[in-house]
Structures are given as structure tokens and as C-alpha cells.
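Asker: Handing you this structure, nothing more for now.
Numbering (this note's numbering), first residue to last: 2 to 782.
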């Protein structure tokens, strides 16, 4: 092919590139390269075509071939940086941008890219400085202001980013990327009304605009309109099928719709397009964990954190997963990184970790409260526009009986479902009328069927939006809405934020406060939430007299004769048991457990394992490091509840965890006739077992500190007559003490509800109170 023919093909390729005809551009470039494999412009253009097709590895290879021809070409070096960054190779990308600027210090595009990459890598101030320099080079450039706004947004400086986007749009009113990114930022910081108004403007003129449709999907997700969000994301992908961010959003919506297989397929597409996409890696890790591939989940999160060390979602997820698998080798360093991110992090203006993870790591009630408040305020901001639109009124009414609405995702085979199984039937219908509002899955279990049968009305709101659910609750004239979920996974506190009931309370499902102004009362007891802890709760404390935790007195224990050997236990061993989830096990308490095993040579420790063997492997390694033969740790999986309660009876003594006690797991051991030694902690989650032991009238099993915990456990294990006497006492108290008296607790709850309602009717604010204990003969027993 002659030189003039090559030039003609090059010109055709350039024209095709400018016209967006990538297929024609690729054909022309390949024809050129067939004759001249070192043709710089053809290599560069073909690399752009491969990048557009999301073949980033091929794009990188072509750019490196081009730079072998012209190693000092700043534009090609800059483009290589972009391609490397899209593959998650941030350090290499930064090096490319610096190299491009060394050849052309005034290259604004490279400065902007360098700034964005530095921010993504956690170097916020140098990154913003580079972006500001780029904007200064061309002060009237919408593109430079756009890049600066994006950098400010990534750095969490929302108000400055909003100002920069507005300046950009004042220079170029039709600059669509600035408008769509501004709408996305409004979404992130909870200014939903502004996001909705701006997005509506964009879609009015461009109904198929992919970024606006993606934003629309996120708006719909924030309102709980999952099916509509899936449709919006699908429309966005129809126009731009290779947008990894939209694919991740679609996967999130599909998971919310309980379509995990489809969600994982979209995540795989996203990762094929962008192997270093942090959001895709983080969400895919959740899917892998849910499917039992804990090792794969860890690998994904490690990759995500290596790519973006400051990404709060990835780091928080990794810390939580390391807790679950009891991998303590790098845990302290990762946890310190999470703590260093501070209370407010990123444009979402929420803490770097969710409330449940925080209270499982820190037994500091003031710190827990700060985290809970920040998350609830973010919910309040997101729902402010919908709340104003609904504007529910609550006219005075003389309510007798009170209508109590229990809101939860856990009316199923779940610890909360186990605890409340007998409550609804036990309620006195002359005092309260019971409705349940369920947004969790119908698992077909006995627990689900019992809730449906025992409530006066049972509403399945799993498919309802937040607003639809709130309208239903308001329409049912619920007097007190009792949220049973709190800040646990997949909660819908957004419904409560809409204020569908005149009074709202938090109970049972989350071992702490919500930090929410839209929750009036926390139902606790004098042990888990004593009055002098009131400063650590946004809610007024409504305290039940004996124990806040309801238990099902009718739960069955299988009567089949069991053999210890079938569970890996020795007949002549002292068997200590802790069936708490593994994330509650932490080094300080594990050290004490190992000291107890060392002091009681003929003993075993029986633990629960659900992490595909990873927690068992790690804990056995930690035992060996502390001089304990690893085989003395025995692990068990999940069983149906009645069979599980039966096997618990094989244990001799329960050992509790420290920061996050056993809750249902402690009451299960006690119901199965096994005493539990527990420490008294500093916050709600670490005081639950103490509350349970007081309610079953065994306060002698509560230790004030870890030294006392260790001493008591060893003493009981060595003194078999004393342990036998304790087990006999537990057997007698099991049905006579308050802990398992479901009817008695229902009466106390009803008094609490009536006290809340009287104070509401009097016009006063929610204020704390303690329900007086009923005479023991008033219980139905």
C-alpha cells in the first residue's frame, strides 16, 4: 500500500472517529497496520476503539506499541493513564499523567486526570490542587470546571462541588454531563427534591438520556420503588450497554427484588468491562458471601480496597467480613483505617461504617450514638421531600384498644421471628389490637404462618414502596408503630421517617438506639439501657421491669436421645458452648476462652460455624498460637430450631462473648437447661446476657470483668457438684422466673404502650419511664 493510500485511510479513520463511527474507524486502522504495524496514529485510534468496546487490555497493548514509536507523545501517555485507571491500576495511571505533564506542563487534560486519580487514591489535597491548576489554565472552560466539580464531589466536598457544577452550567447551559452529575450528587447527599427537579428537566428534552435514566433509577430506589428502578436502569443500559456503574446499580436493585442470580450476572458484566470497579467488587463480594463462597468474597474486597483505599463501603465490608471469618492477622490495621476515616465520610455524609458493625467493634455508647444519629439523619434527609408531600396528620383520638403495628422483615425463621413467635397471641385484645407489616420474604416457615395467624391483621408490604407502606400504616390508624429491625441489614427505617403513626418505638431487633428524631421511644430495661445512659439515646427510654427481650415459652425441644459423639464431643469432657455468630468473637475474649481451656484440661469448646470453614480454620490457628490443641475446638452448623435446642443440652456450660453478647443464643442455652457465664459490658449489646440472667434469677453467673469471668468459668467446670446444682436451679427457674413468661412480658409491654399513649394524649413530649413489675401471681405462667 502506497504512502498516499495510507494517508487516505488515516484521514478516513480520523473522520470516522470524529463522527462516532467506531466500526469504520477500526476497519481503517487495521488496514493501515496490516501494511505499517508501527503506524503511530493508527495504533492510537485503534486503542480508542478498543477502549470504547471495553477491551481495556487490548487498548493498553496498542498504546504501549504506539509509545514505543513515539515515547514522548503526551496525549498518548495521558490516554494510557486513562486506560490503566479504568483497569484499577491507579498508581500506574498516576505515573503516566505525571510523565505526560513532564513533557507538557500546561497539558490541562493530564492535570485534570492526575487530580481525579490522586483523589481516588486518597491523596485529596494534591488532587484538588491539580484540578484547580487545570481550571486556572482555562478559566472559562466548562470542561475544566466540570473536572474540578467531579474532584470535589469525589473528595466529599459536596457544597463546593455543587457551586462548581453551577458555574460550569452557567458557562454552558447545555453541558449535559454537568447536569446529570449534579443530579447524581443531589441524590447522594439526600437532596431528593432538587435531584428530581433537575432530572425531570433533562428527561423532558432527552427521554432516553442514559445518565438521567440511571439517576432516575436511583431516585426510585430511594423511594423503595424497586420494580420501576429496574425498568429505568434497563432503559439506561439499552442506550449505553457498557456502563459498569449502571450495571452495578441494576444489580443492587435486582438483589433488593430478591433476584440474586440476575444480579450476579450483571455484576459479572460490570467486572468484565471494568475489572477494578470498586462498587462491583464490593457488591459481588456480598453475593459470593450469601452463596457461601467466603474466600471469594474476601478476595473481591481485598482487590476493591487495594484499588480504592479510601472507599468506605469496600473498607467497611472488608472489616465486617474479616470479623466474620475471625481473620485477626490484618484486622487491627484495617479496623484502624476504618476508624481513621472519621464519623463523616464522603458525599453521603454518613459514617464510614454502619451502626451494627460499629457497636460490634466498640462498646462505647457515646460513639455508638454518634454513628446511629448520623445514619438516621441521612435517612431523614432522603425522605424529607416525601414526608412533606404526604404530610400525614394525626388527629386526636381516644384509642381503646390501642392499635399496635409491628414493622419488620423478620417474621420468618430468623432469631427475631423466634423471639416474637408467642407475643402476638399473648397480647390482651381488650388492651391492644395487633397488626404486622412485613417487608421480608415469606419463607413458608411455621414462624411466618404463626405471625399471620396470631395478628389481628397481617400485611405483606414487601412489594410496596416506602410511601405506599406509610400510607397503609396511616390508613390503618396505627397508634404506635413498633420497628423491630433498627439499623440492621435491609432495614426500612425510611417508612418510619415518613411518620405514618403518631407514636413510633424501636424494639428488640437492634441492640441499641436508632439515633433517629422520628423514633420516640426505645423499649429496653434497667440493665441494657439504664436511665443514666439516657444521654446516649435519641429516644425516650421506656423500660420494662425485668427484661426487655420477649421469649417464646412454647418453643419445642426435640426429645430424641442424642449422642455427644455424633457432634464430635467427648462423653467425659467438660463441654463449653458458644453458638454466637463468629463476628462476635474477638481476640481479647478468645484469649480468656483459651485460658479457661488450659485451666480445664479435659474440656472442649463448641462453636457455631457458617463461613465455609474459614472461621474454624482461623480460630484453630489462633488456639494453637495460644498453646491449646486445635482439635479441642469443635464446630457445628445450622439445624432446625427444635433440633438445635436439643443438641445444646449436650453442653455443660455456656461462655459468652464480650462486646456483642449472645442474645437469642443466650436465651436458647438457658431454655435448653445450660447455664451461661457472661460479662457485664458498657453498652446495650454487651449487657443483654446480664439482663437475661437476672430475669431467670441467676445473677451469680454475671461477671463484672474478664478476670471474674475467667475465674467463675474455671471454678464451675472444676466443681461438678456445684455445676450440677446450678443446672438444677436453672431447670426449676426456667418456668417460674420471668424470662420465659411470654404472657407476663406482653402485659408489661401493654402497660408501656398505654403509658406512651397517655403522655402523647396529654400533649407532652416523649419522656422516659419504667413499667412497675406486676405481682408474680398476675402472670398467666
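Using N, Cα and C, we set each Cβ at its ideal position, and we do this for glycine too.
Following the continuous beta strand (DSSP E) through residue 483, name the residue where it begins and the one where it ends.
Answerer: 481-484
Asker: Let's see if you can read the secondary structure: which residues bound the beta strand (DSSP E) around residue 139?
Answerer: Element bounds for residue 139: n/a, residue is neither H nor E.
Asker: Around the Cβ of residue 225, are there at least 16 other Cβ atoms within 10 angstroms (buried) or fewer (exposed)?
Answerer: buried
Asker: May I ask which residues mark the beginning and end of the alpha helix (DSSP H) holding residue 795?
Answerer: Nothing about residue 795 can be reported from this structure: the residues present for the chain run from 2 to 782 only.
Asker: Classify residue 677 as helix, strand or coil using the three-state DSSP reduction.
Answerer: strand
Asker: Here's the rule I'm using: 16 or more other beta-carbon atoms within 10 Å means buried, otherwise exposed. How should residue 701 be labelled?
Answerer: exposed
Asker: For residue 378, which three-state DSSP category applies?
Answerer: helix
Asker: Along the alpha helix (DSSP H) that carries residue 295, what are the first and last residues, could you check?
Answerer: 295-308
Asker: To the nearest whole angstrom, what separates the beta carbons of residue 580 and residue 486, a pair I think is in contact under 8 angstroms?
Answerer: About 22 angstroms; that fails the 8 angstroms criterion.
Asker: Are residue 758 and residue 474 close, meaning C-beta to C-beta below 8 angstroms?
Answerer: no
Asker: Which of the three DSSP states is assigned to residue 1 in this structure?
Answerer: The structure shown does not extend to residue 1, since the chain spans only 2 to 782, so no value can be given for it.
Asker: So, are the CB atoms of residue 682 and residue 532 less than 8 angstroms apart?
Answerer: No. Outside cutoff.
Asker: Count the other CB atoms within 10 Å of the CB of residue 640; is the residue buried (16 or more) or exposed (fewer)?
Answerer: exposed
Asker: Roughly how many angstroms lie between the CA atoms of residue 522 and residue 494, to the nearest whole one?
Answerer: 14 angstroms
Asker: Give the straight-line distance between the Cα atoms of residue 248 and residue 558, rounded to the nearest whole angstrom.
Answerer: 47 angstroms
Asker: Classify residue 348 as buried or exposed, calling it buried when 16 or more other Cβ atoms lie within 10 Å of its own Cβ.
Answerer: Here residue 348 scores only 41 on pLDDT, less than 50, and its place in the model should not be relied on; the value that follows carries that caveat. The residue in question, residue 348, is buried, as its Cβ has 16 or more Cβ neighbours within 10 Å.
Asker: Looking at the structure shown, is residue 522 part of a helix, part of a strand, or coil, going by DSSP?
Answerer: Here residue 522 sits in strand by DSSP.
Asker: Might you give, ordered along the chain, the residues of its own chain that have their beta carbon closer than 7 angstroms to the beta carbon of residue 1, omitting 5 neighbours on each side?
Answerer: Nothing in the structure corresponds to residue 1, since the chain is present only between 2 and 782.
Asker: Using the Cα positions of residue 153 and residue 129, report the straight-line distance between them to the nearest angstrom.
Answerer: Using only the alpha carbons, I get a separation of about 7 angstroms.
Asker: Nearest to residue 332 by CA position, among 325, 320 and 341, is which residue?
Answerer: 320
Asker: Give me the Cα-Cα distance between residue 63 and residue 80, rounded to the nearest whole angstrom.
Answerer: 11 angstroms
Asker: With DSSP as the reference, label residue 775 as helix, strand or coil.
Answerer: coil
Asker: So, for residue 53: in the same chain, excluding its five sequence neighbours on each side, which residues have a beta-carbon less than 7 angstroms away from its beta-carbon?
Answerer: 23
Asker: So what does DSSP say about residue 40, is it helix, strand or coil?
Answerer: coil
Asker: So which of 84, 72, 188 and 496 has the shortest CA-CA distance to residue 101?
Answerer: Of the candidates 84, 72, 188 and 496, the one whose C-alpha sits nearest the C-alpha of residue 101 is 72.
Asker: Along the beta strand (DSSP E) that carries residue 576, what are the first and last residues, could you check?
Answerer: 575-579
Asker: For the candidate residues 397, 302, 529 and 656, whose alpha-carbon lies nearest to that of residue 503?
Answerer: 397
Asker: CB residue 410 to CB residue 441, shorter than 8 angstroms?
Answerer: Yes. Within cutoff.
Asker: Among 501, 155 and 563, which has the Cα closest to the Cα of residue 392?
Answerer: 501
Asker: Using DSSP with H/G/I as helix, E/B as strand and the rest coil, what is residue 112?
Answerer: Residue 112 falls in the helix class under three-state DSSP.
Asker: Can you tell me which residues form a DSSP beta bridge with residue 684?
Answerer: Looking at the DSSP assignment, residue 684 forms no beta bridge with any residue, so it has no partner.
Asker: Can you tell me whether residue 28 is helix, strand or coil according to DSSP?
Answerer: Residue 28: helix per DSSP, three-state reduction.
Asker: Identify the continuous alpha helix (DSSP H) that holds residue 496 and give its terminal residues.
Answerer: 494-498
Asker: Work out the CA separation of residue 628 and residue 574 for me, nearest whole Å.
Answerer: Using only the alpha carbons, I get a separation of about 18 angstroms.
Asker: Can you tell me which of 417, 599, 544 and 468 puts its alpha carbon nearest to the alpha carbon of residue 668?
Answerer: 417
Asker: If you compare alpha carbons, which of 266, 174, 219 and 172 is closest to residue 194?
Answerer: If we check each option's Cα against that of residue 194, 219 comes out closest.
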